[in-house]
Amino acid sequence: MKNDFTGLMWNVEDLPFQYQRNVVLFKNSIKEKLLTDATKQMNVYLDQLLSDMTAIDQPAAPVTGNDGMAEAPQKEQVVSWILSLCNAAAVFELDCNDAAHQLDLYIVLSSQEESSFKELEPLIKTATLGRWKVLFSLCQLALFNEKRKQGSLFHNVYCNEQTLLYRAEGAPLDLADHTSILLLETAAEAFKKSRNKGLRLFEIAVQFEKEKENAFACFALHQAIEITLRGFVAAFSGVHPRQHCIKQLLLLCNRIHKGFVSFFQSASEIEALACLQESYTAARYNNDFTVADATVQLLKRKAANILALADRICREQIGQYRMFAQTRER
């Protein structure tokens, strides 16, 4: 039997106060459910795209050169492969290591793309084509242009004509407008707040370490790094990542400035990073979770270096971007 809700149309203001409140609560719960469902659908979309890409995880069909020998697929072929999987308006190259066959791409989806999401999470996915390892993330064209107009450092300075690998015919890529400097100053202030929170959490971690509460010290270090990096990404890209994964946040920051992925390289550092990530939940909910003194010491050094790097880059990039924005306005 089909439900008919036409008889439920009323003016909320005509209801008694207590019923008005219930209606508002009901509306809010519906909004939250719609947001949750949209997020789930978005993740399904991203996972489907990733599965389409990783379906070609086996060695790609050999490309035969003039000498008849098989060659590795070229960067242009990787881009063509991406275009066959999604309706892209533009593809930007954020980083490329030809020797290691690693490519980092920022894919701007066309408005004709089947996805109806207003915003895609800033998740960095990975896929392979032959010997190429491809890192990529997605952004819709309308959101991309909105960020450029708002003066986003990432969307203006790093997604430019020099890094553009592909642009669909007629795809509009807007430039920053006159409000960019003001928005930049606002972003800088927002980052300072995140940085200050990170520093306070770092001090709390040091205090926990002195009290031999290594698990909580590790958790506090996690929060110090997370809040600082999230603030850094938000300040320079206008995207507010809902991420607790330190590795993912470091990748996002690395797109703004190279150097953020150099902190955890050795086996012991990678193991410490795993412990740091585990502490996000284990330190609070697992009474058996323990962290060695040496691990806390290592993570404390890493956290101090990450916070210092984010602060230094923020000051340097703001100066650079202020000059960039002023040039655009002339």
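To convert, note that position 327 of the sequence shown is 327 in full-length UniProt numbering; the numbers rise steadily by one, no gaps.
Yeah, the Cβ is synthetic: ideal placement off N, Cα and C, and Gly gets one too.
Since we're looking at a predicted model, the values are computed, not measured.
7 Å Cβ shell around A142 - same chain, five flanking residues per side excluded: Excluding positions up to five away in sequence, the list reads S111.
Does DSSP put E93 in a helix, in a strand, or in coil? Three-state DSSP puts E93 in a strand.
Report the partner residues of S237 according to the DSSP bridge assignment. In DSSP, S237 forms no bridge with anything.
From which residue to which residue does the beta strand (DSSP E) around F144 run? Judged by DSSP secondary structure, F144 falls outside any beta strand (DSSP E) and instead within the alpha helix (DSSP H) spanning L141 to K149.
What is the rounded straight-line gap between the Cα of K147 and the Cα of L173? K147 and L173 have their C-alpha atoms spaced approximately 11 Å apart.
Length of the line joining the Cα atoms of L153 and F136: Distance between the alpha carbons of L153 and F136: 19 Å.
Let me know if D104 comes out buried or exposed under the rule of 16 or more other beta-carbons within 10 Å of its beta-carbon. D104 is buried by the Cβ-count criterion.
As assigned by DSSP and simplified to three states, the class of L109: It is a strand residue.
Is L229 near A310, with beta carbons less than 8 Å apart? Yes. Within cutoff.
Three-state secondary structure (DSSP) at T126? Note: T126 maps to strand in three-state DSSP.
Return the CA-CA distance between C253 and K212, expressed in angstroms with no decimal places. So the two alpha carbons sit approximately 32 Å from each other.
Since E93 and L165 are thought to touch, with beta carbons under 8 Å apart, how far apart are those beta carbons, to the nearest angstrom? Here E93 really is in contact with L165; their C-beta atoms are around 5 Å apart, less than 8 Å.
Please work out which residues of its chain come closer than 6 Å, Cβ to Cβ, to K133, disregarding the five sequence neighbours upstream and downstream, and give them in chain order. Q102, listed in sequence order.
Using the rule of at least 16 other Cβ atoms within 10 Å of the residue's Cβ for burial, across every protein chain shown, is A274 buried or exposed? Its Cβ having fewer than 16 others within 10 Å, A274 is exposed.
If you reduce the DSSP assignment to three classes, tell me which class K133 lands in. It is a strand residue.
CB of F236 within 8 Å of CB of R284, strictly: 8 Å or more divides the Cβ of F236 from the Cβ of R284.
Alpha-carbon spacing of A127 relative to Q207, whole angstroms: Approximately 42 Å between the Cα atoms of the pair.
Burial state of E226, where buried means 16 or more other Cβ atoms lie within 10 Å: By the neighbour-count rule (16 or more Cβ atoms within 10 Å), E226 is buried.
Is the beta carbon of A205 less than 8 Å from the beta carbon of K300? Yes, they are a contact pair.
Reference L201; option with closest CA among A217, A188, L250 and Y158: Distance from the Cα of L201 is smallest, within the candidate group A217, A188, L250 and Y158, for A217.
Since L165 is in the beta strand (DSSP E), which residue starts that stretch and which ends it? Unbroken beta strand (DSSP E) run through L165: L164 to R167.
Helix or strand or just coil, what does DSSP make of Q265? Under the three-state reduction of DSSP, Q265 is assigned to coil, being neither helix nor strand.
Is N214 closer than 8 Å to V157 when the C-beta atoms are compared? Contact: no.
With 16 other Cβ atoms within 10 Å as the buried cut-off, status of R255: R255 should be labelled buried.
Considering L83, what are the terminal residues of the alpha helix (DSSP H) in which it resides? That run of the alpha helix (DSSP H) goes K75 to L83.
Which value, in whole angstroms, describes the spacing of the CA atoms of C96 and L307? Straight-line measurement puts the Cα of L307 at about 26 Å from the Cα of C96.
For G231 and A188, believed in contact at Cβ under 8 Å, the rounded distance: A188 to G231, Cβ: 10 Å. No contact.
Do A89 and A171 have their C-beta atoms closer together than 8 Å? Yes, these two residues count as a Cβ contact at 8 Å.
Would you mind stating whether E224 and G198 have Cβ atoms separated by less than 8 Å? Note that residue 224 is Ala in the sequence shown, not Glu. Taking C-beta atoms as the reference points, A224 and G198 count as a pair closer than 8 Å.
Can you list, in chain order, the residues of its chain whose CB lies under 7 Å from that of C159, leaving out five sequence neighbours each side? The residues are F92 and Y106.
Mind checking F265: buried by the 16 CB within 10 Å criterion, or exposed? According to the sequence provided, residue 265 is Gln. The question's Phe does not apply to it. Exposed: under 16 other Cβ atoms inside 10 Å.
Which runs of the alpha helix (DSSP H), 4 residues or longer, sit entirely within the UniProt domain "HEPN" (195-313)? Inside the UniProt domain "HEPN" (195-313), DSSP marks whole alpha helix (DSSP H) runs of 4 or more residues at positions 214-237, 246-256 and 267-285, from first to last along the chain.
Please state the DSSP three-state secondary structure of G319. DSSP places G319 in the helix class (H, G or I) of the three-state scheme.
Beta-carbon within less than 8 Å of H155's beta-carbon, same chain only, minus the 5 sequence neighbours each way: which residues are those? The beta carbon of H155 sits closer than 8 Å to those of F144, K147, R148, S237 and G238, all from its chain and outside the five residues before and after it, given in chain order.
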